[in-house]
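Participant: Under our numbering, the first residue of the sequence shown is numbered 734, with each subsequent residue one higher.
For each residue, glycine too, the CB sits at the ideal point set by N, CA and C.
Everything numeric in this text was worked out from a predicted model, so none of it was measured.
What follows is a single structure, and I will ask about it in a moment.
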Amino acid sequence: MAVWLSQRVGINGRVMATDVDITYLNRLDLPNLEVRRHDILSDSLDALDPGSFDLVCARLMLFWLAGKQEIAIRRMVECLRPGGWLLDEDGDWGVVAPVDPSHSHYELYHRVWKNGEWWAERGYDPMFGRKLPMLFERCGLVNIRHKASASVVRGGSPWGQWWLQSLEAIRASEQTDGSLTEERDKEYGVLTAPLTDPSFWFLNALIHACRGQRGVS
Ligand SMILES: C[S@@+](CC[C@H](N)C(=O)[O-])C[C@H]1O[C@@H](n2cnc3c(N)ncnc32)[C@H](O)[C@@H]1O
Numbered sequence: 734m735a736v737w738l739s740q741r742v743g744i745n746g747r748v749m750a751t752d753v754d755i756t757y758l759n760r761l762d763l764p765n766l767e768v769r770r771h772d773i774l775s776d777s778l779d780a781l782d783p784g785s786f787d788l789v790c791a792r793l794m795l796f797w798l799a800g801k802q803e804i805a806i807r808r809m810v811e812c813l814r815p816g817g818w819l820l821d822e823d824g825d826w827g828v829v830a831p832v833d834p835s836h837s838h839y840e841l842y843h844r845v846w847k848n849g850e851w852w853a854e855r856g857y858d859p860m861f862g863r864k865l866p867m868l869f870e871r872c873g874l875v876n877i878r879h880k881a882s883a884s885v886v887r888g889g890s891p892w893g894q895w896w897l898q899s900l901e902a903i904r905a906s907e908q909t910d911g912s913l914t915e916e917r918d919k920e921y922g923v924l925t926a927p928l929t930d931p932s933f934w935f936l937n938a939l940i941h942a943c944r945g946q947r948g949v950s
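Structure, rendered in structure tokens:
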């Protein structure tokens, strides 16, 4: 996204990319891209020059900030100049579901996933993405527009890879904080095994794109 935006704004434009983990961003070498390590929840906004940005974008980030999304949105709004736009793309991860009841992974997958309850058990909102327009309005944005789309993809696809890496990262964090029970570990096995199997088709998350504008007065 940082690369795409840097190309879009051209040589005279400026893009600032922030993340708590800038390992990937640091590999990018573009003349109009500045990379900063920044926690949107707790680091001071002063370093980002609040009130100056034409556009603030986030993608697949807010979902993870369980219960703190509104704080993060308010802080992103503070970064906008009057009339500037906030754009967020985020998901309803809970809707992911295999499509073929005759597939060998189907039943076990549903039993573990429980229509997204798997996320709720970990403190996440499995239907977070659809709340973006409501949260944007609550944070004072106007001219709000929202779209959502979903696709059916297969194991081994880029989304299959994305899910595999995400579930492995969550498993690793549970291992670190001591919450990875034997039963949970088995559940990770059930959820990750089909993700490299091209015969396993699944409805991917509903991906929401929401934009809203900071008022000018
Ligand atoms: C699923 S990745 C998405 C990365 C990128 N936006 C994209 O669409 O490819 C979520 C990112 O959010 C970052 N993140 C998580 N909590 C954050 C926070 N409090 N402040 C800033 N970045 C955060 C993570 O380090 C991670 O890089």
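If I follow the unbroken beta strand (DSSP E) through Val886, where does it start and stop?
Facilitator: 885-887
Participant: When you compare only the Cα positions, how much space is there between Val886 and Leu897?
Facilitator: Roughly 13 Å separates the two Cα atoms.
Participant: When DSSP builds the beta bridges, which residues end up paired with Val923?
Facilitator: For Val923, which the question treats as bridged, DSSP gives no partner whatsoever.
Participant: Less than 7 Å between the CB of Met749 and some heavy atom of ligand 1, yes or no?
Facilitator: Here the distance from the Cβ of Met749 to the nearest heavy atom of ligand 1 is not below 7 Å.
Participant: In terms of residues, what are the limits of the beta strand (DSSP E) holding Asp787?
Facilitator: 786-792
Participant: Which residues, in chain order, sit with a beta-carbon under 5 Å away from any heavy atom of ligand 1?
Facilitator: Asp752, Val753, Asp754, Asp772, Ile773, Leu774, Arg792, Leu793, Met794
Participant: Under 8 Å: do the segment 865-878 and the segment 830-842 share three or more Cβ pairs, one atom per stretch?
Facilitator: no
Participant: Which whole runs of the alpha helix (DSSP H) in the segment 820-859 are 4 residues long or more, in chain order?
Facilitator: 839-846, 850-853
Participant: Between the segment 809-818 and the segment 918-938, can you find at least three pairs of beta-carbon atoms closer than 8 Å?
Facilitator: no
Participant: Identify, in the order they occur along the chain, each residue of the same chain with its Cβ nearer than 6 Å to the Cβ of Gly827, setting aside the five sequence neighbours on each side.
Facilitator: Counting only residues of its own chain and dropping the five nearest sequence neighbours on each side, Gly827 has a CB closer than 6 Å to the CB of Gly849, Trp852, Pro859, Met860.
Participant: Over what stretch of residues does the beta strand (DSSP E) that includes Thr751 continue unbroken?
Facilitator: Unbroken beta strand (DSSP E) run through Thr751: 748-752.
Participant: Span of the alpha helix (DSSP H) holding Phe869?
Facilitator: For Phe869, the uninterrupted alpha helix (DSSP H) run begins and ends at 865-871, by DSSP.
Participant: Identify every residue that forms a DSSP beta bridge with Gln946.
Facilitator: Trp818, Val875
Participant: Give me the Cβ distance between Gly862 and Gly824, rounded to the nearest whole Å; I'm assuming they're in contact under 8 Å.
Facilitator: 5 Å
Participant: Taking the C-alpha atoms as reference points, what is the distance between Ser837 and Glu915?
Facilitator: Rounded to whole angstroms, Ser837 and Glu915 show a C-alpha spacing of 23 Å.
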